[in-house]
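In the UniProt record's numbering, the protein residues as written are 1 to 133.
Ideal placement from N, C-alpha and C gives every residue a C-beta, glycine not left out.
Note that the structure is a prediction, hence the values are computed from the model and not measured.
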Amino acid sequence: HTKVKINGKSYNYDHTRLYGPYLVTDEVELSAEDKVKGRTFESESIKIYPNELKENTPVTLHFEKEKIEKYVEEKEKEENSLKNKLSRFFDKYTSALNEASTNNNFASVSPFLKSGTDNYKQTQHLIQTGQGA
């Protein structure tokens, strides 16, 4: 979620909220940050000087849109690649497990299991005794 920083203090951003009041004799420094897919991006930082302050001073802060879009695109490619790898792994594992169960051949599925673990031993026992997995 987006946070607004006003004079170094962070607030959760709400587009319906007015922030302040601030003394019209002091300058106000503003920036914002937003988290996108686990990475924090910061907006530009601006100062509003006393002569620019009004009762309600509207402010628009800008983020580097292209930089964020590029990051999102790269992150989505990475996520899709991981999803594809996981999908292929589970397809191979399921196929090997089915083959091992059908043929009572633990060797078909053993490369997918960590040797010596309870799961390894239980799966080995079930397959070798013809009980499936």
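Asked                                                                                                                                                                                 : Found
What do you get for residue 127, buried or exposed, if any count of 16 or more other CB atoms within 10 angstroms of its CB means buried?                                             : buried
Is it buried or exposed, residue 86, if we count other Cβ atoms within 10 angstroms and call 16 or more buried?                                                                       : exposed
Under three-state DSSP, which class holds residue 11?                                                                                                                                 : strand
Contact defined as beta carbons within less than 8 angstroms: I believe residue 61 pairs with residue 48. What is the distance between those atoms, to the nearest angstrom?          : With 8 angstroms as the limit, residue 61 and residue 48 do not qualify as a contact, their Cβ atoms being about 11 angstroms apart.
From what residue to what residue does the beta strand (DSSP E) around residue 34 run?                                                                                                : 28-36
Any idea what DSSP makes of residue 57, helix, strand or coil?                                                                                                                        : coil
Verify whether the separation of the beta carbon atoms of residue 108 and residue 99 is less than 8 angstroms.                                                                        : yes
For residue 114 and residue 120, I'd like the C-alpha separation in whole angstroms.                                                                                                  : 6 angstroms
Candidates 54, 65, 93 and 20: which alpha carbon is nearest residue 33's?                                                                                                             : 65
Pull up the CB-CB distance for residue 50 and residue 27, whole angstroms please, since I reckon it's below 8 angstroms.                                                              : 6 angstroms
Which runs of the alpha helix (DSSP H), 4 residues or longer, sit entirely within the UniProt domain "TcaA protein NTF2-like" (83-131)?                                               : 118-128
Indicate whether at least one CB of chain D lies closer than 8 angstroms to the CB of residue 39.                                                                                     : In the structure shown, chain D does not exist; there is a single protein chain.
Excluding the five sequence neighbours on either side, which residues of its own chain have a C-beta within less than 7 angstroms of the C-beta of residue 75, listed in chain order? : 37
Under 8 angstroms Cβ to Cβ from residue 93, same chain only, skipping five residues before and after it: list those, please.                                                          : 109 and 112
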